[in-house]
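J.: First the structure, then my questions, so here it is.
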Amino acid sequence: EDKIIRLESLMDGVLTKEDFMDEEFAALLHEHKLLKEMYQNHPEVLQTKIELDRAEEEVESFRNFYGDMGEREVLLE
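For the sequence shown, this note's numbering gives the first residue as 537, with consecutive numbering after it.
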């Protein structure tokens, strides 16, 4: 709705092209910020991030277990 008002103002000569572009850019930045916040706080995204963090920790522990000393050496201790 705001964009329609800005376009009408541009077409009627009330708003210059530069002012229209500045306002449009500001509106897009605001919309991007809102969408980013919605995405970052989405429950499925948060759950997936938690699962990914846990998987990365598990992979790191396996790397430490199998990398520093061989599995056989650890089991023989």
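Built from N, CA and C at the ideal position, the CB exists for glycine as well. Since the model is a prediction, treat every value here as computed from it, not as a measurement.
1) Taking a contact to mean a Cβ-Cβ separation below 7 Å, would you say Glu567 touches Arg542 in this structure?
2) What residue range is occupied by the uninterrupted alpha helix (DSSP H) comprising Leu636?
3) Since I believe Lys553 is in contact with Leu546 (beta carbons under 8 Å), could you give me their beta-carbon distance rounded to a whole number of angstroms?
4) Any chance the CB of Glu592 is under 6 Å from a heavy atom of the ligand MG?
T.: Taking the definition as stated:
1) Residue numbering aside, residue 567 sits at position 31 when the sequence shown is read from its first letter. Residue numbering aside, residue 542 sits at position 6 when the sequence shown is read from its first letter. Cβ distance not < 7 Å, so Glu567 and Arg542 don't count as in contact.
2) As shown, the chain starts at 537 and ends at 613. That puts residue 636 outside it, with no answer to give.
3) In the sequence shown, the residue the question calls residue 546 occupies position 10. In the sequence shown, the residue the question calls residue 553 occupies position 17. About 7 Å separates the two Cβ atoms, so the contact holds.
4) Here there are no bound small molecules, and the ligand MG is not part of this structure.
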